[in-house]
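From first to last, the protein sequence lines stand for chains A and B. Start counting the first sequence at 0; every next residue gets the next number (numbering that gives the first Met the number 0). Start counting the second sequence at 0; every next residue gets the next number (numbering that gives the first Met the number 0). Backbone N, C-alpha and C define an ideal beta-carbon position, used for all residues, glycine too. Model, not experiment: these values are computed from the prediction. Take a look at the structure below.
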Amino acid sequence: MKEFGYERPAHPTDALAMIAGVAGARFLGGGTNLVDLMKLGVETPAVLIDVTALPYDFVTDDADGGLRVGSGTRNSDLAAHLAVRRRYPALAQAVLAGASGQLRNMATVGGNLLQRTRCPYFQDVTKPCNKRVPDSGCPARDGEHHNLAILGGSDLCIATNPSDMAVALAAFDAVVFVEEPAGPRAVPIADFYRLPADEPQRETTLEPGALITAVALPALPWAANSRYRKARERASYSFAIGSVAVALDVADGMVRDVRIALGAVAPIPWRAYRAEQSLRGQPATEVAFREAADAELEWAQPLRDNRYKVPLVRNLMVRTLIELVQAS
Amino acid sequence: MDRALTLNGVEVRFDVEPRTLLVDLIREEFGRTGTKVGCETGECGACTVLLGGKAVKSCMVLAAQADGASVTTIEGLGEPGELTAVQDAFWEEHAVQDGFTTPGLVMSVTDLLSRNPDPTEAEIRSWLDGNLERVTGYHNVVAAVESAARKLKQGDSWKIEPEVVAGDMVGASVRPREAPEMLRGETDYIADVTLPGMVHAAILRSPHGHATINGIDTSAAAAMPGVIGVFTAADLGFVMPLPVIWVPTDVESHWPPHPSGMVPGGQSLLATDRVRFVGDQVAVVVAETVQQANDALQAIRVDYEVLPAVVDAEEALKRSAPQLHETVPNNLCMSAPLGDKAAADAAIAAAEVVVEETIRNQRIMANTVEARGAIGSYDATTGDYTLWTNVQPVNPIRLLIALYVLGVPYNKLRVIAPAIGSSLGAKGYLFADGPLMLWLAKAVGRPVKWLDTRSSYPRSTPHGRDHVAHATLAGSRDGKISALSVRGFNNLGAYPVINAPGSPRTLIGQSVTGAYDIANPYYEANLVFTNTSPTGPVRGSGRAEAIYLIERMIDRYAGEIGMDPAEVRRINMVKPDQFPYDNHLGWMYDSGDYPGALDKALEMVGYDDLDARRADSRARGKRLGVGIGSYVAAAGVGPSAIMGSKGLVSGTWGSAYIGIEPSGEVSVTTGAQPHGQSQVTTFSQIVAQELGVPLEAITIKHSDTNGALYYSQASYGSRSLSVEGVAVYNACQLIKEKARQHAAHLFHCPVDAVEYGPAKVFARFAPDQAVMTLQQIAFTLWLGWDLAEGMTPGLEAKGFFDPPEFNYPYGTHVAIVEVDEQTGHVELVRYVAVNDFGTVVNPKVVDAQSHGNIALGVGQALYEAVRYDETGALLTDSYSTYPIVRASELPSFELLRTVTPTPNNPLGAKGAGDVSNPPVAPAVVNAVCDALSDLGITSLDMPLQPHTIWRAMSSASAGGAAGSGGSASAGSGGSASAGSGGSASAGSGGSTSAGSGGSASAGAAAAAEPAGAAS
């Protein structure tokens, strides 16, 4: 690891002043991704500003019936929280589907939102990567891409977002609260991440120096009927090759409302709006579920070695919807 | 900046760079070495500590992040010298083998039970996914967690008196004597060894698969802070490359040269003008700190000229292939036939049914959580060298380094192995780094330490398997096999490893008939050099390749004739009345009931009643598959003369020294070298049984060439108990005999009238008057005041054992899998293993070995593969790119042991260490193929990753099953080579038509293979 400085402010204003004052400063949450990337030489911050002493370790009820989660909340605490498990089970399941117990004990909600892609070229500093070094090229299209994007990629980048948690947050229309140099801002998760287009190095819409303070989960009573499913190369401890977070509101055999988000298929947690649209008001049948999945996936642009993701994700969506019908 | 934390309840201050990791702070600054380092990337969990009461991986936490926090390490658990309930449960359940990963597991489980006092098995396994384990198969660990949960609910009442074993010691599952210190984190491994004045080495390795070295500029590196010296091959002078000592002498072979002219040559300590694989050692830096040595490594400039590379054995035999060694035409080390080819060909020509298949056993690595290391030291006053290194064979490498590498007097070199964090065979070699550290220690005048890292491990340590076989099996329509003919290709990598070239013909070739009576077997071993890491034995070595091959072929044949694969096995197995059985390839099977083990295993899984189970799976979108793996595995290396006839230049007898101290305690030195097999326990049990002394009175010494033994042959190939253990048994008999003789002298009676009883001798005619304790006998022999004519003083003896034959453990394993139709994911839902290891000294120890064997085999079948691209670049150098099996990927195993003693040693014990690995991978692959058989899929190449299976299923259902005789075959995808699309293609590529022994022609018969197979 290259040398760097370390600070741990106790007050948000200090943290924001520090990040504004030092070139190359970065916020540090649990460090489970950032420290790893520093070992690989992918990240070389001049100063780490540890934000875990800030007063952001909380889970509280919002007045509107939603839930508010502080950005410093450890992943293990989030997954174990009773309100999360009861009211947003897909979120608890998504968090538990990631990493291992020891890492979840360290990892924070804010850090999880900002974790970086596990694209092999991004993580290998000896290889070109437009995300790591703009305009250096992308070997993934013709190279190792069997776990890269089938939706939302650009010619410059087809890396996928690795977060399980963010897929569930996308399904629940979470809102991310940030402090930016210009002041506080509430960013709907749909506007939080950005597609690579011609700037793959920019992954979010945050201003430089932004500090995530909390995530709000809006009230959604039928989110209690939600589920996160993850397919991976192995039963445990690996990143998804495809995942879905689904919440279903079904009555009298008809879909009243539905939320579907997909993971490991796009550079962002992919909200399947087309599938949702095609399902609302339809009978809750396997046929309808298949049509909905197809409505979303017909836009997929798979490459040589990741075609399998299209049927894989279709199957995951359909199976999860069926399970939720059975559970309701 | 001054910081503080509470470490194990005591506030400590520290001032380190922000880039210092918490694990380094704990180990280096505070000297708490119970916290281990396995990967540095947060995957293995060996470094787990409690931070603020919660388990975290201390290699993923900056020391600064712990400022102000409370940190608990393994040393901080419970009261000093005692065990917590969790630790005691690990001990009780034999959840500890080599102990390296144990502290991390204990810390992790301590956290789990503090927040979930009553976890389900699924919750336990899911939580344990944060801790990698390579030897227990997690089976006993899960049991320990369940036991610990029970203990914790009992308050302090679980603290019972130490167990007392009544009756026979042999056959009792006594708790491992080695375990308590491991559970407390007190056992020192190579990383924990520090010598006064020690400095640190870092080795520069080739990044290229094949290149010439035009020049090396070390000047910038030499000028960096803390650097003591930078060395290249030019500095080494007369230091020789590694030797090879197992070479079949009856066939033509070609080798890299060795300056001694006595043996073939292997890898050089530092490459001279050319590098031949990613990892070849190029230069070495010695500096005051590890960080300084690593920093200086970056400043060495090597002028490489990259050459074309070849990574596949059969490709390397083609005339156009890059040539690795001038002395090895066409990269062919040897082509060694075994068996009667003409008879096999004739039987195949006359057969009703002929099945051809290419069987690929991919390249794997031991990838033990503890990596390797070495410390060299040199005493300029005496000229004595000492090497500390975590290898299995301290005495053999002492001899080889002295004689063939450094050229120093044998009696000026001492080799010591600290505790070893498991080996799985891959710490069983002579490595280039050990002698290099000795040379450096003399050159710089200080002890020099080198410690490997996870990412360097696949570059520094030989890999295993990488065996391709074109097999032809012939038989009748009613299920009787008449012939098996195999052309095998072993990828040796860039250089031959000390014992590896002797293995393919002996351990694979002789074993290919498996448990079956096959009249006309033939095997041809082709050994080929390529631009990859050298390969050698890994747990199950040789026999794993052979059993995988025959067990896959049996299933292919059964499918071809439409017969139940279990019935085909039953028909062809060697029957109990056929022993001793000559398998026509060199083995002489000793004893057993092979069909009996098969039937027991089938009964355990309810083999005849699985239809409902299959239907249930289909209703859930899964396909159920059942696979059988039967095996016989030669163990107990070995009869020295037989091994000699196969070209091994070494004795393979066992030896043991026993001294009864004047105070009555028993000191034993064994030629075995335990590295997780609990031999301190099992050998103590033998001594306790034979001499009638309590376990606590017995000390077992090992792993130091300055011991009581002339030479220790070490532990490998499941030989420890059935060879070295028998030597201990024999030494006990000599002790008893000497005690009786001395007693007879003192009692003034004939020796015949004196009997040995538990820890005493007595005259039969006056057992209450003429009686002396073992201690009294030892004491009087030590005094030497009154000895019979010719009697030597001291009650001590050396026992030896050179077995007349190998021994042959056997059994049948059955795997049941579910394949997810929509994702291709394979879940192992049940695993049943029936094994016969002959007489068993400690059942739980032996079962624990089987658990590890099963886990390793499942890992190979489903996850593991070392991959290179076509330039020789290594693609798998972490636990994420080279995944090893985790707890939630395994079920609890169902084990049954039968006991058929071998007649080949007085204990009746057969080998047990690695022999139950070979049937595992074929059982799992057979099960998956069974699950997919109605799609026309009959063969799949390991590892069976979801995308491999999914593609095979898609292709098969899209294209329909291949025609008769063909097989839908999918390559194991994911390699960087183009076209890993895995189409359904006929996979039979074997040929039996090539001439025997033709070296250059060996490649001509290489068949076109499905693309995308692991190289």
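Here B/I883 carries a coil assignment [DSSP, helix/strand/coil]. B/Y755 is bridged by DSSP to B/V760. In the three-state scheme derived from DSSP, where H, G and I count as helix and E and B as strand, B/Y384 is classed as strand. Runs of the alpha helix (DSSP H) lying entirely within the stretch 38-100 of chain A, each at least 4 residues long, are 74-79, 81-86 and 88-95 in chain order. Under the DSSP assignment, A/T284 falls outside any beta strand (DSSP E); it carries neither an H nor an E label. Contacts with chain B at 7 Å (Cβ-Cβ) include A/G100. In the structure shown, B/K700 falls within a strand segment according to DSSP collapsed to helix, strand and coil. B/A864 and B/H674 have their C-alpha atoms roughly 25 Å apart. The C-beta separation of B/G539 from B/N806 comes to about 16 Å, leaving the pair out of contact by the 8 Å criterion. Residue-level contact check: A/V254 does not touch chain B, since none of the beta carbons of chain B fall below 7 Å from its beta carbon. When DSSP reads this structure, B/D835 sits in a beta bridge with B/Y809 and B/T897.
Closest in C-alpha terms to B/L386, from the list B/G103, B/S125 and B/M197, comes B/M197.
At a cut-off of 7 Å between C-beta atoms, B/T822 counts as an interface residue with respect to chain A. For B/T47, the C-beta contacts it makes with chain A under 7 Å involve Q101, in order along the chain. Between the alpha carbons of B/V238 and B/L439 lies a distance of about 12 Å.
Of the residues B/H138, B/G103 and B/P195, the one whose Cα lies closest to the Cα of B/S887 is B/H138. From the listed residues B/G228, B/E251 and B/N293, the smallest Cα separation to A/K1 is found for B/N293.
Around the Cβ of B/H747, a 10 Å sphere holds fewer than 16 other Cβ atoms; the residue is exposed. Sequence-distant Cβ neighbours of A/Y120 in its own chain, meaning closer than 6 Å and more than five residues away, are K126, C128, P138 and A139. Between B/R476 and B/I560, the C-beta gap is smaller than 7 Å, which places the two residues in contact.
DSSP places B/H138 in the uninterrupted alpha helix (DSSP H) bounded by H138 to K152. Within the stretch 131-157 of chain A, contact with chain B at the beta-carbon level (separation under 8 Å) is assigned to G142, E143 and H145. Taken in chain order, the members of the stretch 0-23 of chain B whose beta-carbon sits within less than 7 Å of a beta-carbon on chain A are E16, P17 and R18.
For A/G241, the uninterrupted beta strand (DSSP E) run begins and ends at A239 to A250, by DSSP. The C-beta of B/N410 has fewer than 16 other C-beta atoms within 10 Å across all chains shown, which makes the residue exposed. For B/K53, the residues of chain A that pass the 7 Å Cβ criterion are N104, in the order they occur in the chain.
For B/L437 and B/E132, the gap between their C-alpha atoms comes out near 32 Å. Contact of A/L90 with chain B is not assigned, every C-beta pair being separated by 7 Å or more. Around the beta-carbon of A/P282, fewer than 16 other beta-carbon atoms lie within 10 Å, marking it exposed. For B/N916, the closest C-alpha among the options B/S956, B/L296, B/G605 and B/A543 is that of B/A543.
Between B/G338 and chain A, the shortest Cβ-Cβ separation is not below 7 Å. Along the length of the stretch 234-289 of chain B, whole beta strand (DSSP E) runs at least 3 residues long occupy 280-286, reported in chain order. Among the residues of the stretch 680-691 of chain B, none has a Cβ less than 9 Å away from any Cβ of chain A.
Below the 9 Å Cβ cutoff, chain A contributes no neighbours of B/A315, its closest Cβ being approximately 24 Å away.
Contact of B/K56 with chain A by beta-carbon distance below 7 Å involves Q101 and L102. Residue contact check for A/T31 against chain B: a CB pair falls below 7 Å.
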